[in-house]
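Down below is the structure, laid out as C-alpha cells.
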Amino acid sequence: MTEDTAKIDTLPNIQEEQFPPIRMGALFDAPHATYPPRILMLYGSLRERSYSRLAVEEAARILRRLGAEVRIFNPSGLPLPDSTSADHPKVQELRELSLWSEAQVWCSPERHGSMTGIMKAQIDWLPLSLGGVRPTQGRTLAVMQVCGGSQSFNAVNQLRILGRWMRMFTIPNQSSVAKAFNEFDAEGRMKPSPYYNRIVDVMEELVKFTLLLRDRADYLTDRYSERVESAEAVSRRVNQRTQ
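Using the working numbering, you'd call the opening residue of the sequence shown number 4 and step up by one each time.
In C-alpha cells form, the structure reads like this:
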C-alpha cells in the first residue's frame, strides 16, 4: 500500500476497537458439534387434508433419514397477531420451538397469488428479539409451496423475503408442487415424481447448510453496527453510575 493509498483509505467514522480483522479461525477452524440438526417445520393450512402439511410430513421423513431431529408445529388454535398477548399457549409453543431449532422449513399453499394468512401469522408471532435472544437469526431456512393449479413461485418468493427479514440463511434450492391434489395418495403419502425428487434435493441441501453453518452462525451474524451500539449502551450505563 502506497502512502497516497493509505491516506485515501482512512476511515475516520470507524470505531477501531469495534472493527477487528476477520478471524479466519472462527470461519474455518470452528469446533464441529455432532448432535442431530434440530429442524422446525411450519405449514400454512388448517384443512383436514392439507397439502402443505402433507408435504411437510413427507419432508420430515426425509430429514429424519438424513439424521435430523424434527418437530412440526400445528398452527391450529394460534391466535391472530396482536389479538392477544404473547402469553398465549400456542404463541409460547411456537416461540419455544423456534428457539430450540437451528433450521426451519416453511411450506405454504398459494392463495390469491400469495402465502396464506395462517403462514404469515406464524412468522408474525416470531419476534426479531426475545429477551435479548433472537429466535430466528442465524438459522438456516428452506422454503416450499404447494399449488392448486399450475406451478407458481409467488409464495416461496415471499417466504424468501421474510426469511431475509428474519435474518435467516435461506438456502438456494426451493420446492413448488403444482396441482398438489394429484401428488398424494389416499394415505397422504407423496407419489414418486420430479416434485418429490425436488423435495429430497431441498432437504439434503438444508441439512448440509445447517451442518456447515451451525458452529459459525454466531460469528457470521456478529455485526459492526450492533457492536458499536452495544459499546455505546455500556458506556452510557457506566457513566450514569459515576455521576
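C-beta: ideal position from N, C-alpha, C; glycine also.
Note that this is a predicted model, so its numbers are computed, not measured.
Whole angstroms are fine: how far does the CA of residue j sit from the CA of residue i?
i	j	result
residue 199	residue 193	7 Å
residue 54	residue 99	25 Å
residue 81	residue 118	17 Å
residue 127	residue 205	24 Å
residue 145	residue 173	6 Å
residue 116	residue 158	7 Å
residue 233	residue 168	21 Å
residue 14	residue 203	47 Å
residue 188	residue 148	18 Å
residue 39	residue 33	17 Å
residue 19	residue 231	10 Å
Grab the span of the beta strand (DSSP E) containing residue i for me, first residue to last.
i	result
residue 147	143-149
residue 124	Careful: residue 124 lies outside any beta strand (DSSP E), inside the alpha helix (DSSP H) at 120-127.
residue 107	106-112
Any heavy atom of the ligand GDP inside 7 Å of the beta-carbon of residue i?
i	result
residue 89	The ligand content of the structure shown is nil, which means the ligand GDP is not present either.
Alpha carbons only, please: which of the options is nearest the one belonging to residue i?
i	options	result
residue 183	196, 233, 129	196
residue 71	107, 79, 86, 83	107
residue 31	231, 236, 218	218
residue 210	86, 26, 65	65
If you follow the alpha helix (DSSP H) that residue i is in, where does it begin and where does it stop?
i	result
residue 221	220-223
So does the stretch 222-235 actually touch the stretch 43-51, counting three or more Cβ pairs closer than 8 Å?
The stretch 222-235 vs the stretch 43-51: no contact.
Which complete alpha helix (DSSP H) runs does the stretch 13-98 hold, if anything under 4 residues is left out?
Within the stretch 13-98, the complete alpha helix (DSSP H) runs of at least 4 residues are 27-31, 54-68.
Continuous beta strand (DSSP E) assignments of at least 3 residues falling wholly in the stretch 168-197:
Counting whole runs of 3 or more residues, the stretch 168-197 contains the beta strand (DSSP E) stretches 178-180.
Contact between the stretch 56-73 and the stretch 87-101 is defined here as three or more beta-carbon pairs at a separation below 8 Å; is this criterion met?
No, the stretch 56-73 does not touch the stretch 87-101.
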